[in-house]
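S.K.: Residue numbers (the working numbering): 1 to 626. Ideal Cβ positions, reconstructed from N, Cα and C, are used throughout, including at glycine. Remember, predicted model here, so these are calculated numbers, not experimental data.
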């Protein structure tokens with residue numbers, strides 16, 4: 001077979017077009033020969049050729065080669081290898097692998113990308129699944145993300161970086177910021193800086209930039225700490241101009257004898273105020289924007305225990321850093337509180353029962369997960385203007401004062417895998433109801449009767465509202481998170497979940513405090529595998545006979561009849577055994593007063609739950625089979 005590829009076309013000196021057409025001649029052994037006969041065509045002939053090629057879909061877009069490299073010499077490389085994921089390949093964590101052919105610890109890949117791209121966004125992974133991806137430091141990350149980015153202008157080789165750092169291993173990247181908004185005027189020659197990393201070179205002041213016009217000027221450089229005097233300590237000052245005499249002389253804890261100082265710690269750094277994340281104001285050790293006192297209060301009275309590591313608040317106002325802002329309960333009323341200075345703005349936050357995210361088995365219990373009614377992307381929100389603010393909630397609830405959590409109770413979870421190829425590692429349940437939470441506390445489900453419906457019964461305590469998902473495969477093999485096996489569905493859009501901070505959504509449920517059986521969802525869906533809605537069945541010992549649904553005879557031995565009053569239209573009828581397994585399922589269009597009959601002679605003797613589910617009503621009752 002032959003495949004035609006458009007390579008290039010250029011005008012020659014007489015106005016004709018020189019076109020090079022290449023033909024790949026496919027060989028029997030799978031190889032091929034590239035043949036590129038050269039010919040000169042008049043413009044009209046070339047136009048006809050291009051039209052013909054376009055009509056046959058054989059014109060190929062122009063491409064550029066982009067090489068990405070990462071130094072893994074400071075890491076233990078995962079058995080799954082090193083990968084890169086980005087917007088150029090759909091953020092697939094296992095789709096693009098890097099190699100280290102010369103065994104020097106530097107892994108690289110060359111990508112063939114469209115020349116229409118002006119930039120790419122990406123990150124490296126020490127493995128092939130989310131959870132082992134690097135967090136790009138703020139100093140070099142795409143603003144508002146933890147992702148790398150690179151400008152593309154023709155064939156590009158992006159400089160080698162150390163995994164999780166901005167520059168090569170052993171080099172620290174520092175992003176300097178200074179707020180010039182309180183200065184009467186900016187020197188016409190611009191804002192500069194100088195320091196010991198530059199040899200205090202008075203002939204080479206380093207120019208800073210304000211690309212977005214917010215009066216915050218920035219400069220980024222890479223520093224070898226061993227070359228500094230003193231070692232590992234930056235000394236510098238900002239200059240409203242480009243000569244000595246226009247330099248600042250700040251006083252306070254950020255400075256020493258008029259020079260600003262910062263100690264390198266082996267990580268890439270941003271020079272800014274640690275408490276608020278705001279840039280320092282020119283010539284001061286404070287912020288140009290006056291912060292506002294914000295008091296956080298959280299009622300922990302519904303929690304089974306308070307972490308020995310304390311109670312914290314973390315959010316976008318302090319870089320989402322757990323263990324930085326602790327709350328205290330000085331009067332012993334279980335309401336923990338703390339007041340912190342926050343610059344005016346809009347923020348997201350959460351309370352933490354412990355001093356790190358999600359609990360780590362070392363005294364840390366969890367971070368809260370409030371209901372959808374009072375969160376955005378799974379986080380609480382607040383705004384600060386120029387007046388003190390008090391924020392008060394019950395932990396894991398939307399109200400200020402706590403409503404007692406429901407009693408602990410067994411919940412049966414079910415997931416229908418009929419449309420899936422089940423992993424040899426089984427089917428698992430994850431959520432914020434386990435200890436530890438999510439993948440680290442994954443629970444394996446079982447399918448004892450081979451009907452492709454996997455289930456598990458688990459006692460759930462704590463908050464009424466919780467989030468969860470199912471996994472086709474072990475989500476935490478050998479202690480490493482494997483997000484690739486976790487179901488991804490439109491749970492928020494389809495009405496059975498809410499969004500999370502990672503751009504996806506989780507299933508949600510509000511428990512009653514009684515034993516419950518959750519309906520058998522189809523994997524990744526808010527419906528069952530027949531496309532019908534699913535319900536929740538309350539534990540048998542708590543059921544009451546509902547007006548509108550009657551079973552007779554009851555007890556039954558051969559047939560059971562259902563009289564349905566007050567419900568009509570398409571109804572789903574299910575009979576559940578005590579394990580929560582649906583042993584009878586049916587769909588019927590009914591009118592109010594209808595009587596439906598079902599055989600029960602094949603069911604074992606015992607107690608069952610009968611459910612009638614409509615679009616607006618649901619009724620359940622107990623059924624005894626003799």
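#1: According to DSSP, which residues form a beta bridge with residue 627?
#2: Name the residue from 294, 557 and 195 whose alpha carbon lies nearest to the alpha carbon of residue 602.
#3: Closest by CA to residue 591, which one among 562, 493 and 211?
#4: Give the DSSP-derived three-state secondary structure of residue 491 in the structure shown.
#5: Return the residue from the list 130, 196 and 245 that minimises the CA-CA distance to residue 187.
#6: Is it buried or exposed, residue 281, if we count other Cβ atoms within 10 angstroms and call 16 or more buried?
#7: If the criterion is Cβ atoms closer than 8 Å, does the pair residue 440 and residue 476 meet it?
#8: For residue 283 and residue 181, I'd like the C-alpha separation in whole angstroms.
#9: Given that a residue counts as buried once 16 or more other Cβ atoms are within 10 Å of its Cβ, and exposed if not, what is residue 567?
#10: Going by C-alpha distance, which of 607, 531 and 537 is nearest residue 570?
#11: Could you check where the beta strand (DSSP E) with residue 225 kicks off and where it finishes?
#12: Which first and last residues belong to the beta strand (DSSP E) in which residue 602 is found?
#13: For residue 75 versus residue 176, is the C-beta spacing smaller than 8 Å?
#14: Hey, out of 83, 155, 146 and 85, whose CA is closest to residue 67's CA?
#15: Who are the near neighbours of residue 457 in its chain, counting only those whose CB is closer than 6 Å to its CB and skipping five residues on each side?
#16: The beta strand (DSSP E) that contains residue 293, what's its start and end?
#17: Where residue 515 and residue 414 are concerned, what is the direct C-alpha to C-alpha distance, given to the nearest angstrom?
#18: Once DSSP output is grouped into helix, strand and coil, what is the label at residue 164?
#19: What does DSSP give as the partner residues of residue 455 in its beta bridges?
#20: If you follow the beta strand (DSSP E) that residue 112 is part of, which residue opens it and which one closes it?
#21: Bridge partners of residue 391, per DSSP?
#22: List the endpoints of the continuous beta strand (DSSP E) containing residue 323.
#23: I need the DSSP call for residue 588, collapsed to helix, strand or coil.
#24: To the nearest angstrom, how far is the alpha carbon of residue 337 from that of residue 309?
#25: Run through the stretch 458–534 for me and flag every whole alpha helix (DSSP H) of 4 or more residues, listed as ranges in chain order.
#26: Starting from the C-beta of residue 28, find all residues in its chain whose C-beta is less than 6 Å away, skip the five residues before and the five after it, and write them out in chain order.
#27: Who are residue 219's beta bridge partners in DSSP?
#28: For residue 627, collect the residues of the same chain with a Cβ closer than 6 Å to its Cβ; drop the 5 residues on either side in sequence, then sort them by chain order.
#29: According to DSSP, simplified to helix, strand and coil, what is residue 373?
#30: Can you tell which of 100, 110, 127 and 117 has the C-alpha that lies nearest to the C-alpha of residue 92?
#31: Indicate the three-state DSSP secondary structure (helix, strand or coil) for residue 428 in the structure shown.
#32: Alpha carbons only, please: which of 492, 533 and 464 is nearest the one belonging to residue 510?
#33: Following the continuous beta strand (DSSP E) through residue 613, name the residue where it begins and the one where it ends.
#34: What do you get for residue 552, buried or exposed, if any count of 16 or more other CB atoms within 10 angstroms of its CB means buried?
#35: May I have the straight-line CA-CA distance separating residue 178 from residue 218, to the nearest angstrom?
M.R.: On the basis of the supplied data:
#1: Not covered by the structure: residue 627. The range shown for the chain is 1 to 626.
#2: 557
#3: 562
#4: helix
#5: 245
#6: buried
#7: yes
#8: 12 Å
#9: buried
#10: 531
#11: Note, residue 225: premise wrong, no beta strand (DSSP E); not H, not E.
#12: Note, residue 602: premise wrong, no beta strand (DSSP E); not H, not E.
#13: no
#14: 155
#15: 410 and 412
#16: 292–299
#17: 14 Å
#18: coil
#19: 414 and 446
#20: 106–114
#21: 296
#22: Note, residue 323: premise wrong, no beta strand (DSSP E); not H, not E.
#23: strand
#24: 15 Å
#25: 491–494
#26: Low confidence applies here, because residue 28 scores a pLDDT of 36, under 50, leaving its location unreliable; read the following figure in that light. Taken in chain order, the list of residues that qualify is empty.
#27: 176
#28: The structure shown does not extend to residue 627, since the chain spans only 1 to 626, so no value can be given for it.
#29: helix
#30: 127
#31: strand
#32: 464
#33: 606–613
#34: exposed
#35: 7 Å
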